[in-house]
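Notes follow once the structure below has been shown.
Numbering (full-length UniProt numbering), first residue to last: 1 to 259.
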């Protein structure tokens with residue numbers, strides 16, 4: 001979910017390899033295949049999916065029958081608090097947007113209709129300012145947070161909600177991608193992106209993975225700083241219902257769709 005550079009991708013692969021090694025050391029696993037470019041959300045629905053990371057909004061709306069929660073990373077970036085994260089609402093320098101209300105009638109960029117950080121958090125943030133179900137002049141669906149940032153930088157969009165973890169990795173790996181961008185404010189917090197396993201993965205495997213994340217041995221723990229992960233926190237379906245609460249609050253204000 002956060003492969004913003006080859007280095008970050010390699011660091012996540014090292015983390016996943018270490019978890020697989022834990023299972024192999026316990027004699028619980030033989031062959032496993034790494035899917036580097038999965039088709040989502042189809043991959044998340046595979047019953048034999050051993051390990052992945054997903055967004056809380058698709059988990060809540062599409063995946064609860066297909067995956068089981070393991071643990072949630074607690075990232076050490078601005079906008080994170082424990083296992084919670086928020087979206088940075090970003091604008092272009094010199095755009096004349098000093099408050100969220102100033103963005104009325106402007107164009108938004110959002111990565112995906114099923115994204116908590118890019119869509120759901122933004123919908124919740126602007127809902128108090130919407131009139132007759134509208135706030136923006138239009139929404140451009142960009143396909144990724146990086147693409148949303150580029151649209152704001154170029155002036156093709158005026159505002160976007162960017163996952164603060166993505167923003168943190170980009171600030172470290174590709175700082176020029178944030179040139180000319182300012183953070184207007186942060187969205188309401190919600191639980192971060194959980195690690196999950198497929199519904200058909202045996203309970204013993206699932207529990208061993210959860211234990212390895214929550215109490216990592218030295219070989220696993222030494223990989224976390226490179227990913228700016230402080231620790232992993234236990235998570236439950238109840239925790240992720242907070243994401244649904246953001247949606248419900250926007251709907252209660254007459255703003256069911258980002259528009």
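Where a beta carbon is used, it is the ideal one built from N, C-alpha and C, also for glycine.
According to DSSP, residues forming a beta bridge with residue i
| i | result |
| --- | --- |
| residue 134 | 131 |
| residue 75 | 229 |
| residue 43 | In DSSP, residue 43 forms no bridge with anything. |
| residue 182 | 91 |
| residue 162 | 88 |
| residue 191 | 84 |
| residue 139 | 108 |
Option nearest residue i by Cα separation, candidates the options
| i | options | result |
| --- | --- | --- |
| residue 42 | 33, 29, 67, 26 | 67 |
| residue 127 | 16, 177, 103 | 103 |
| residue 40 | 114, 13, 213, 69 | 114 |
| residue 48 | 204, 259, 198 | 198 |
| residue 204 | 18, 9, 29, 58 | 29 |
| residue 182 | 95, 4, 9, 76 | 95 |
| residue 132 | 145, 253, 9, 8 | 253 |
| residue 119 | 69, 57, 4, 27 | 57 |
| residue 112 | 121, 142, 9, 86 | 142 |
| residue 71 | 225, 98, 227, 195 | 195 |
| residue 16 | 248, 6, 213 | 213 |
Cβ neighbours of residue i in the same chain (closer than 7 Å, five flanking residues each side left out)
| i | result |
| --- | --- |
| residue 82 | 74, 233 |
| residue 46 | 198 |
| residue 239 | 191 |
Sequence-distant residues of its chain with Cβ nearer than 8 Å to residue i (five each side left out)
| i | result |
| --- | --- |
| residue 55 | 1, 114, 115, 116, 117, 193 |
| residue 139 | 107, 108, 109, 110, 258, 259 |
| residue 179 | 153 |
| residue 4 | 146, 166, 169, 170, 173, 174 |
| residue 186 | 79, 86, 87, 88, 89, 164 |
| residue 200 | 47, 48 |
Sequence-distant residues of the same chain with beta carbon closer than 6 Å to residue i, five excluded per side
| i | result |
| --- | --- |
| residue 123 | 250, 258 |
| residue 105 | 137 |
| residue 184 | 89, 91 |
| residue 130 | 255 |
| residue 14 | 223 |
| residue 9 | 3 |
Assumed close pair residue i, residue j - CB separation to whole angstroms, cut-off 8 Å
| i | j | result |
| --- | --- | --- |
| residue 19 | residue 51 | 6 Å |
| residue 224 | residue 12 | In fact, because the Cβ distance is near 11 Å, the residues do not count as touching under 8 Å. |
| residue 230 | residue 76 | 5 Å |
| residue 44 | residue 63 | 5 Å |
Stretch-stretch touch, CB-based, cutoff 8 Å, three pairs: the segment 159 to 166 with the segment 79 to 90 = yes
Give a yes or no on contact between the segment 200 to 213 and the segment 6 to 23, applying the rule of three or more CB pairs nearer than 8 Å.
-> yes
Assess, as a yes-or-no matter, whether the segment 29 to 37 is touched by the segment 217 to 231 under the definition of 3 or more beta carbon pairs within less than 8 Å.
-> no
Do the segment 179 to 193 and the segment 237 to 256 touch if we need at least three Cβ pairs shorter than 8 Å?
-> yes
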